[in-house]
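The numbering used here puts the sequence shown at residues 458 to 829.
Read the structure below first, then the notes.
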Amino acid sequence: MRTCLVVLSAFFFLLWPLLVAAEDDCVTSLCHAGLGKASYVHGPIKAASCQICHRPTTDSHPQTKQAFELIDKGPGLCYRCHQSKTGDDPVIHPVLEEGCTGCHSPHQGDLPYFLYGQDKTLCYLCHEDKISGKAVVHPIVEDGCLSCHQVHSGAAAGMLSAEGAEFCLTCHQDPTQGKPVQHTPVKRGDCISCHDPHATDYPFMLPGAGPQLCFSCHENFIADKAVVHPIIEEGCQACHDPHADNAPFMLKAEGAALCYICHENKTDGGGSVHPPVAEGNCTGCHDPHATNNKALLLAPGGELCNLCHESKIEGKAFAHGPVGAGACTDCHDPHQNKEAALLPAKGAALCYECHRNMVAEQYDHGPVAEGN
Numbered sequence: 458m459r460t461c462l463v464v465l466s467a468f469f470f471l472l473w474p475l476l477v478a479a480e481d482d483c484v485t486s487l488c489h490a491g492l493g494k495a496s497y498v499h500g501p502i503k504a505a506s507c508q509i510c511h512r513p514t515t516d517s518h519p520q521t522k523q524a525f526e527l528i529d530k531g532p533g534l535c536y537r538c539h540q541s542k543t544g545d546d547p548v549i550h551p552v553l554e555e556g557c558t559g560c561h562s563p564h565q566g567d568l569p570y571f572l573y574g575q576d577k578t579l580c581y582l583c584h585e586d587k588i589s590g591k592a593v594v595h596p597i598v599e600d601g602c603l604s605c606h607q608v609h610s611g612a613a614a615g616m617l618s619a620e621g622a623e624f625c626l627t628c629h630q631d632p633t634q635g636k637p638v639q640h641t642p643v644k645r646g647d648c649i650s651c652h653d654p655h656a657t658d659y660p661f662m663l664p665g666a667g668p669q670l671c672f673s674c675h676e677n678f679i680a681d682k683a684v685v686h687p688i689i690e691e692g693c694q695a696c697h698d699p700h701a702d703n704a705p706f707m708l709k710a711e712g713a714a715l716c717y718i719c720h721e722n723k724t725d726g727g728g729s730v731h732p733p734v735a736e737g738n739c740t741g742c743h744d745p746h747a748t749n750n751k752a753l754l755l756a757p758g759g760e761l762c763n764l765c766h767e768s769k770i771e772g773k774a775f776a777h778g779p780v781g782a783g784a785c786t787d788c789h790d791p792h793q794n795k796e797a798a799l800l801p802a803k804g805a806a807l808c809y810e811c812h813r814n815m816v817a818e819q820y821d822h823g824p825v826a827e828g829n
């Protein structure tokens, strides 16, 4: 029995060269029988012309895998029949350096173009899944990676057809709309400084929430401050347009007009108006972001007033209680009031708001009786 097996084996190897002698005999019931059976078959396989891509070596086939070699390396092999897909584009898909077979099967497949996967599935064989588990996905990504990226090459990094904002504006409206004051990243066309192009966990494809996003580039104005402007908790964009506007610092309005979007107009009551208020200069007294003083004041009490006004107690031995305590606003309204000097009442009527009349009216000293 053993002798018969030896004889049959010897006969098989003697017969083998005859079985594969013809060029169209690579696909037989003995060898490569699965080729040509898929939904899409590469032309040379369909024509049984394996020699278009393969050539024999001095090694014996099928004893070694080195019996045949490709007649060219990398994409050069495919370009013998196919036109180059990269053209003059400066950015080439890195996988093409190794050859087209990184994405396409060289023989056959069940998908068009003999691809190993469909849409994002193919890209994820090499690239990280950019959207899995994210709350907000760029809608265009749902249509597939090729909605933005060229498959073989491109004019810009990432095989995009254009660079920076020029590419984004092929779909999105220009957020500057011709406004003169533009956020620096917007000015340089760097949309992805603030927006993730694929997916994030935050609205508008932002990489972070609230003011912390802005603080990744800008100084943190609220760190270690006792009093923070409440609107900042909603994000800097409550006052600043994140792209562009007509006012400095991309503010949505200038001066007091911005503050009055949220705050009551302090000049509506008539009477005398504090000059900074009349000028719309709210930041002359208030920090718009954060301070260590109540009402976001630049300095506490009388210290703030003395930034502009001459001190009323310097060099004096005695001081009116509120003045000595730096409580100027006990008598003066900091914004506007009906009487001169921003006082809420005239003459003795103002004093009597705190001091009771110590003498009966019939005994009042003349000037006191006159409210002088």
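Heads up, the beta-carbon is just placed ideally off N, CA and C, and yes, glycines get one too.
Note that the structure is a prediction, hence the values are computed from the model and not measured.
Are the CB atoms of residue i and residue j nearer to each other than 9 Å?
i: Y581; j: G590; result: no
i: H746; j: K795; result: no
i: C765; j: P733; result: yes
i: K542; j: H609; result: yes
i: A495; j: G566; result: yes
i: D744; j: H792; result: no
i: G556; j: P532; result: yes
i: G692; j: C671; result: yes
i: N505; j: T514; result: Note on identity: in this sequence residue 505 is Ala, with Asn being the wrong assignment. No, the Cβ-Cβ distance between A505 and T514 is not below 9 Å.
i: H700; j: T633; result: yes
i: P547; j: A612; result: yes
i: G758; j: A735; result: no
Taking residue i as part of the alpha helix (DSSP H), name the residues at either end of that continuous run.
i: P501; result: G500 to K503
i: F571; result: No alpha helix (DSSP H) contains F571, which DSSP labels as neither H nor E.
i: P745; result: Looking at the DSSP string, P745 is not in any alpha helix (DSSP H), and its letter there is neither H nor E.
i: K644; result: T641 to K644
i: A806; result: A805 to C808
i: K709; result: First-last for K709: undefined, no H or E at that position.
i: A776; result: Counting along the chain, A776 falls outside any alpha helix (DSSP H), and DSSP gives it neither H nor E.
i: A622; result: G621 to C625
i: G533; result: P532 to C535
Please report the straight-line C-alpha distance between residue i and residue j, rounded to a whole angstrom.
i: L807; j: A798; result: 12 Å
i: P668; j: E767; result: 38 Å
i: G615; j: V552; result: 13 Å
i: N703; j: G726; result: 30 Å
i: H720; j: G601; result: 47 Å
i: S729; j: K636; result: 37 Å
i: A713; j: C739; result: 6 Å
i: I649; j: K709; result: 23 Å
i: L603; j: E676; result: 38 Å
i: C560; j: L568; result: 11 Å
i: P563; j: G621; result: 36 Å
i: C510; j: L534; result: 7 Å
i: D787; j: P779; result: 7 Å
i: D653; j: L663; result: 6 Å
i: E585; j: C483; result: 38 Å
i: H777; j: E760; result: 16 Å
i: C605; j: F571; result: 22 Å
i: P705; j: Y809; result: 47 Å
i: K644; j: Q540; result: 39 Å
i: K751; j: A680; result: 16 Å
i: P501; j: G665; result: 53 Å
Could you have a look at residue i and say whether DSSP puts it in helix, strand or coil?
i: Q694; result: helix
i: D481; result: With a pLDDT of 47 at D481, under the threshold of 50, the modelled position of this residue cannot be trusted; read the value that follows with caution. The answer is helix: DSSP assigns D481 an H, G or I state.
i: F678; result: coil
i: P733; result: helix
i: D702; result: strand
i: V552; result: helix
i: L830; result: Since the first residue of the chain shown is 458 and the last is 829, residue 830 is not available in this structure.
i: S610; result: strand
i: T657; result: strand
i: N794; result: strand
i: G726; result: coil
i: L617; result: strand
i: Q575; result: coil
i: G544; result: coil
i: G667; result: helix
i: M458; result: Only weak support exists for where M458 lies, its pLDDT of 44 falling under 50; the coordinates are left without a value.
i: G559; result: helix
From what residue to what residue does the beta strand (DSSP E) around residue i run?
i: E760; result: That residue, E760, is in no beta strand (DSSP E); its alpha helix (DSSP H) goes G758 to C762.
i: E526; result: F525 to L527
i: P513; result: H511 to P513
Please decide whether residue i counts as near chain C, where near means a Cβ-Cβ distance under 9 Å.
i: G667; result: In summary, chain C is missing from the structure at hand, where a single protein chain is found.
CB of residue i to nearest heavy atom of the ligand GDP: below 8 Å?
i: A806; result: No copy of the ligand GDP appears in this structure; indeed no ligand is present at all.
Original post:
Between the region 586-603 and the region 648-664, do three or more beta carbon pairs fall short of 8 Å?
Top reply: yes
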